[in-house]
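Peer 1: 11 is the number of the first residue of the sequence shown in the numbering used here; add one for each residue after it.
No residue lacks a Cβ here, since even glycine has one placed at the ideal position from N, Cα and C.
Here's a structure for you.
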Amino acid sequence: MKKTLITLAVLSTASVAYADEGMWMPQQLPQVAKELKAAGLKLDPASLTKLTEFPMGAIVSLGGCSASFVSPQGLVATNHHCVYGSVAYNSKPERNLLANGFLANTLAEELPAAPGSRIFVTKEVTNVSDKIISKDVAKLEGKKRVDAIEKNSKALVAECEKDAGHRCNVYPYYGGLEFYMIKQMEIRDVRLVHAPAEGVGKFGGDTDNWMWPRHTGDYGFYRAYVSKDGKAADYSKDNVPYVPKHYLKLAKDGLSEGDFVMVLGYPGRTNRHRLPSEVAYTFDWSYPAFVKASGESLAIIAKETANDPDAKLKYASQVAGINNYYKNRQGMLDSYAGSDFLARKTKEHEELKAWVNSNPARAKEFASDIADVEKLIAQRDAQGKREFFLDRSYPRLLSTARSLYRLANETMKPDAERKAGFQVRDLPRFKAGVEAVERNYVEKVDKALVLNSLSQYAALPKDQRSANFDAAIGIKDGMNEADLKALLDNLYAGSKLGDKATRAAWLSAKPEDFKTSNDSFIKAAVAMYEGGLKHEAEDEELAGKIQQAYANYMKAKIAFMKSKGQAVYPDANSTLRVTFGKVAGRDHGTADGLAWSAFTTVNGIPPKATGQGEFNAPAAQLAAIKAKDFGKYVDPKLKAVPLAYLATLDITGGNSGSAALNAKGEFIGLAFDGTLDSIISDWDYNKANTRSIQVDLRYMLWQMKHVDKADKLIKEMGAE
């Protein structure tokens, strides 16, 4: 691994945040070594900075979820909801793997994961800030700045990816103040190994989502495959299981309340460094609009798939995702209502500006950019409001057609000059996305969803609509729902993109082929192309100005926090992070007024089990619980098998499937959720309330052995 540079701004901070708070970059951990040891870590904290050594070398990303190697044969443990899409992809009404679960007893029985599934193994993290924002780039503004950043990023990525089988990406940190390049091995042959029945992996469904006490067995297994020479390769029957350099050992001793625990994974997005205006926009407008639209989408999908088992399966993963974010955003709104969060954020921001303006040198360096970023973000947020319904009014196949036509045009350029997302490196993922339409698209459902959003969009005044979109699909002032339905009927009927072979053929088509096509979605995509490029350029002009001002705002904030002796970890951005804390319940501030114990057990399943819907626990599981067939997985104090536990860990979306480790770095479960009243910590960390929810390893092993009879997997993980 190349030596990773660490910014002086971060390293020179005088103290650290609360031990339980912080999604720390691995290379930042020397700052919190004292806190890690005091919390109970038995490993050398320095070992956590070495990404190719134990335990970090066992931690992987699924590109949206986290996971970890748990055997020398490339077996990967993650959440049930992270493999859910692959289970749904392989399910059919006559073989419903979602309902019944799936277990491969041999390698030959393992099933290909959903198209585009990946396992990413991080190899290097390198600070490339001075290569992205070079002295020349620092002088640029607006779109020219965006273009230069993209050009430098693509050059670094291209050089990095000369090492075949690896995926490299440049990520911004601290609002674009710093940039790191992350190099990952990209394992493309991913197979489904085991997922318990939906009555285990999704027990409690959306009713229990974000709630405590919890009884969801949210775990599942993939396996990584490579060519016989150990290289990343596309799916082939000749491929062999990947042999990781490191994999996690399963803990022999169970956890107890107060024990040290840490989670290693890829948290998606947090917003703790946002401006007060961004807080107000999000909680006063954006989240309420999202919640309303999500509720409408769920009702439409339920109605359109009610008597169609195949359609219901195709939309199962999408429904799960919408439900998750629907409840998440509503939970945040409930926490925000009546809180002093915005007032505190405003006060902190005013203190920052006062500190900047109290010193002429600081004022000269930072004041104008702080003022500029507030104005620019207001401009961006106003645009977000205008385009809310437009963004939801695109038929799925029109979006596909636009991407295909963009690909055809970009392919005419040298690879280095193509827009990011359309380079040669992006084609496998692009093609997988086009192929995946087959298993998660139903015309009648898509049409109903689009009609709902389009009706609200078309009702807007003309100056708030997109002339480009309106002209391409035929929107006119005064159209009612019946008019729009007729328009959509014609649009959908005039396209053959719903056919898999037809879509695949367009992947290699030339721009001229698109221009002469009579396919309705293709024609609309061509009509929108030039206007779309103009709109993209306007967005990039604004984005470039925001990046420049926001980066300097963050530089000021870091200096301000340093002056108060506070450390600064960057907001989560889907890159590898470490968080640590302890197993702990709650005896205060709970919504129901009751204390929360740190653990739930399998004894909590039967009282909830209704035999149907979200609480349809498998009969074999209920029988084992009734018989107290707990084996060696029983906790002597709890007198049952521990199922889930609470911990004071700072996690967010993307951490799903993250390995939870004990003080010795042994695997003790999987993070899969948080509690509803603490999820606002994405924006406003609350030390007293924040709790993460993990499925306990003892429950995973008990369910696998005593119910699903997955003895071979248990043996493979060294836990006989």
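Closest to VAL289 by C-alpha separation, out of LEU723, GLU358, ALA303 and PRO254, would be which residue?
Peer 2: Mapped onto the sequence shown, residue 289 falls at position 279. Ranking LEU723, GLU358, ALA303 and PRO254 by Cα distance to VAL289 puts GLU358 first.
Peer 1: Assign ASN219 to buried or exposed, taking buried as 16 or more other Cβ atoms, counted over all protein chains shown, within 10 Å of its Cβ.
Peer 2: Taking the sequence shown and counting its residues from 1, one reaches residue 219 at position 209. So ASN219 ends up on the buried side.
Peer 1: Taking 8 Å as the threshold, find out whether the segment 579 to 594 comes into contact with the segment 393 to 408 through three or more Cβ pairs.
Peer 2: no
Peer 1: I want to know whether the segment 706 to 719 touches the segment 630 to 650 - three or more CB-CB distances under 8 Å.
Peer 2: In short, these stretches touch, since the Cβ pair count reaches three.
Peer 1: Exposed or buried, which one is GLY591 when buried takes at least 16 other CB atoms within 10 Å?
Peer 2: If you number the sequence shown from 1, residue 591 lands on position 581. Sixteen is the threshold: when 16 or more other Cβ atoms of the shown chains lie within 10 Å of the Cβ of GLY591, as they do, the residue is buried.
Peer 1: Excluding the 5 residues preceding and the 5 following GLU624 in the sequence, name in chain order all residues of the same chain whose CB lies nearer than 8 Å to its CB.
Peer 2: On the sequence shown, residue 624 is found 614 positions in, with the first residue counted as 1. Here the set comprises LYS212, PHE213, GLY214, GLY215, ASP216, THR217 and ASP218.
Peer 1: Should HIS99 and ASN137 be called a contact, given that it needs their Cβ atoms to be closer than 9 Å?
Peer 2: As a working mapping, residue 99 is identified with position 89 in the sequence shown. As a working mapping, residue 137 is identified with position 127 in the sequence shown. Going by the sequence as given, residue 99 is Tyr instead of His. Not a contact, by the Cβ cut-off of 9 Å.
Peer 1: At 3 residues or longer, and completely inside the segment 694 to 729: list those beta strand (DSSP E) runs for me, N to C.
Peer 2: 702 to 706
Peer 1: Does the distance from the CB of GLU676 to the CB of LEU51 come in under 9 Å?
Peer 2: The residue you call residue 676 lines up with position 666 of the sequence shown. The residue you call residue 51 lines up with position 41 of the sequence shown. The answer is no: Cβ separation not under 9 Å.
Peer 1: Assign LEU580 to one of two classes, buried (16 or more other C-beta atoms within 10 Å of its C-beta) or exposed (fewer than that).
Peer 2: In the sequence shown, residue 580 corresponds to position 570, counting from 1. It should be noted that the sequence gives Pro, not Leu, for residue 580. By the neighbour-count rule (16 or more Cβ atoms within 10 Å), PRO580 is buried.
Peer 1: Let me know if LEU711 comes out buried or exposed under the rule of 16 or more other beta-carbons within 10 Å of its beta-carbon.
Peer 2: In the sequence shown, the residue the question calls residue 711 occupies position 701. That one is buried.
Peer 1: Looking at the unbroken alpha helix (DSSP H) that takes in CYS170, where does it start and where does it end?
Peer 2: Residue mapping note: residue 170 aligns to position 160 of the sequence shown, counting from 1. Where CYS170 is concerned, the enclosing alpha helix (DSSP H) stretches over 152 to 170.
Peer 1: Could you pull out every residue in the same chain whose Cβ sits closer than 7 Å to the Cβ of THR315, ignoring the five residues on either side in sequence?
Peer 2: Here residue 315 refers to the residue found at position 305 when the sequence shown is read from its first residue. Only ALA321, LYS322, TYR325 and VAL455 meet the Cβ criterion.
Peer 1: Measuring CA to CA, which of LEU461, ASN478, MET195 and LEU362 is closest to ALA492?
Peer 2: Within the sequence shown, numbered from 1, the residue matching residue 492 stands at position 482. Here the closest residue by C-alpha is LEU461.
Peer 1: Please report the straight-line C-alpha distance between TYR563 and PRO286, rounded to a whole angstrom.
Peer 2: The residue you call residue 563 lines up with position 553 of the sequence shown. The residue you call residue 286 lines up with position 276 of the sequence shown. Cα to Cα, the separation comes out at about 13 Å.
Peer 1: In its own chain, which residues sit with a C-beta less than 8 Å from the C-beta of ALA27, not counting the 5 before and 5 after it?
Peer 2: As a position in the sequence shown, residue 27 is number 17, starting the count at 1. For ALA27, the predicted structure reports a pLDDT of 43, less than 50, and the residue's modelled location is therefore unreliable. A value from the coordinates is still provided. In chain order, GLN576, ALA577 and TYR579 place their CB closer than 8 Å to the CB of ALA27, counting only its own chain and leaving out the 5 sequence neighbours on each side.
Peer 1: Looking at ILE556: is its Cβ nearer than 9 Å to the Cβ of ARG339?
Peer 2: As a working note, residue 556 is residue 546 in the sequence shown. As a working note, residue 339 is residue 329 in the sequence shown. Taking 9 Å as the Cβ cut-off, ILE556 and ARG339 do not qualify as a contacting pair.
Peer 1: Rounded to the nearest angstrom, how far is the Cβ of CYS92 from that of GLY667, given a contact under 8 Å?
Peer 2: Start at 1 with the first residue of the sequence shown, and residue 92 comes out as number 82. Start at 1 with the first residue of the sequence shown, and residue 667 comes out as number 657. Yes, they are in contact, since the Cβ atoms of CYS92 and GLY667 sit about 5 Å apart, within 8 Å.
Peer 1: Alpha carbon to alpha carbon, how far is TRP606 from HIS2? Give it in angstroms, no decimals.
Peer 2: Only positions 11 to 730 of the chain appear in this structure, which leaves residue 2 out of reach.
Peer 1: Use the C-beta contact count for SER246: other C-beta atoms within 10 angstroms, 16 or more gives buried, fewer gives exposed.
Peer 2: Taking the first residue of the sequence shown as position 1, residue 246 is located at position 236. With fewer than 16 other Cβ atoms within 10 Å, it is exposed.
Peer 1: Since LEU117 and ALA720 are thought to touch, with beta carbons under 8 Å apart, how far apart are those beta carbons, to the nearest angstrom?
Peer 2: The residue labelled residue 117 in the question sits at position 107 within the sequence shown. The residue labelled residue 720 in the question sits at position 710 within the sequence shown. With 8 Å as the limit, LEU117 and ALA720 do not qualify as a contact, their Cβ atoms being about 14 Å apart.
Peer 1: Who does CYS92 pair with in a DSSP beta bridge?
Peer 2: Translated into the one-based positions of the sequence shown, residue 92 becomes position 82. Beta-bridge pairing links CYS92 to no other residue.
Peer 1: Tell me the DSSP secondary structure of PHE432 in three-state form.
Peer 2: The sequence position of residue 432 within the sequence shown is 422, counting from 1. DSSP places PHE432 in coil when its eight states are reduced to three.
Peer 1: Jot down the residue ranges of each uninterrupted alpha helix (DSSP H) in the segment 435 to 509, minimum 4 residues, whole runs only, in chain order.
Peer 2: Segments of the alpha helix (DSSP H) lying fully in the segment 435 to 509: 437 to 450, 453 to 468, 477 to 483 and 491 to 503.
Peer 1: Could you tell me the boundaries of the alpha helix (DSSP H) in which PHE213 lies?
Peer 2: As a first step, residue 213 is located in the sequence shown; it is residue number 203 there, counting from the start. Note, PHE213: premise wrong, no alpha helix (DSSP H); not H, not E.
Peer 1: Identify the continuous beta strand (DSSP E) that holds ARG233 and give its terminal residues.
Peer 2: Translated into positions along the sequence shown, residue 233 becomes position 223. From DSSP, the beta strand (DSSP E) with ARG233 extends over 230 to 236.
Peer 1: Could you check the C-alpha separation between TYR276 and GLN328 for me, to the nearest Å?
Peer 2: In the sequence shown, counting from the first residue as 1, residue 276 sits at position 266. In the sequence shown, counting from the first residue as 1, residue 328 sits at position 318. For TYR276 and GLN328, the distance between alpha carbons rounds to 21 Å.
Peer 1: Is the segment 679 to 686 touching the segment 223 to 233, taking contact as three or more C-beta pairs under 8 Å?
Peer 2: yes
Peer 1: Only counting runs of 3 or more residues, tell me where the beta strand (DSSP E) segments fall wholly within the segment 79 to 127, in order along the chain.
Peer 2: 85 to 88
Peer 1: Spatial neighbours of HIS256 within its chain, please: CB distance less than 6 Å, with the 5 preceding and 5 following residues excluded, ordered by chain position.
Peer 2: The residue labelled residue 256 in the question sits at position 246 within the sequence shown. Once the five neighbours on either side are set aside, the close Cβ partners of HIS256 are PHE64, GLY67 and ALA68.
Peer 1: Using the C-alpha atoms, what's the distance from LYS145 back to LYS429?
Peer 2: What you label residue 429 is simply residue 419 of the sequence shown in a count that begins at 1. What you label residue 145 is simply residue 135 of the sequence shown in a count that begins at 1. If I take the Cα positions, the gap works out to 23 Å.
Peer 1: Considering Cα atoms alone, identify which of GLN704, ASP602, ASP660 and MET571 is closest to ALA608.
Peer 2: Residue 608 sits at position 598 when you count from the first residue of the sequence shown. Cα-wise, what sits closest to ALA608 is GLN704.
Peer 1: So, helix, strand or coil for ALA669, using DSSP?
Peer 2: Here the question's residue 669 lines up with position 659 in the sequence shown. ALA669 falls in the strand class under three-state DSSP.
Peer 1: The alpha helix (DSSP H) spanning ASN333 covers which residue range?
Peer 2: Counting from one through the sequence shown, the residue named residue 333 turns up at place 323. It spans 326 to 346 - the alpha helix (DSSP H) in which ASN333 sits, taken as one unbroken run.
Peer 1: With burial defined as no fewer than 16 other Cβ atoms inside 10 Å of the residue's Cβ, what is the status of GLU361: buried or exposed?
Peer 2: Residue numbering aside, residue 361 sits at position 351 when the sequence shown is read from its first letter. Classification for GLU361: exposed.
Peer 1: Per DSSP, what kind of secondary structure is MET33 in: helix, strand or coil?
Peer 2: For the purposes of this step, residue 33 is taken as the residue at position 23 of the sequence shown. Correct three-state label for MET33: coil.
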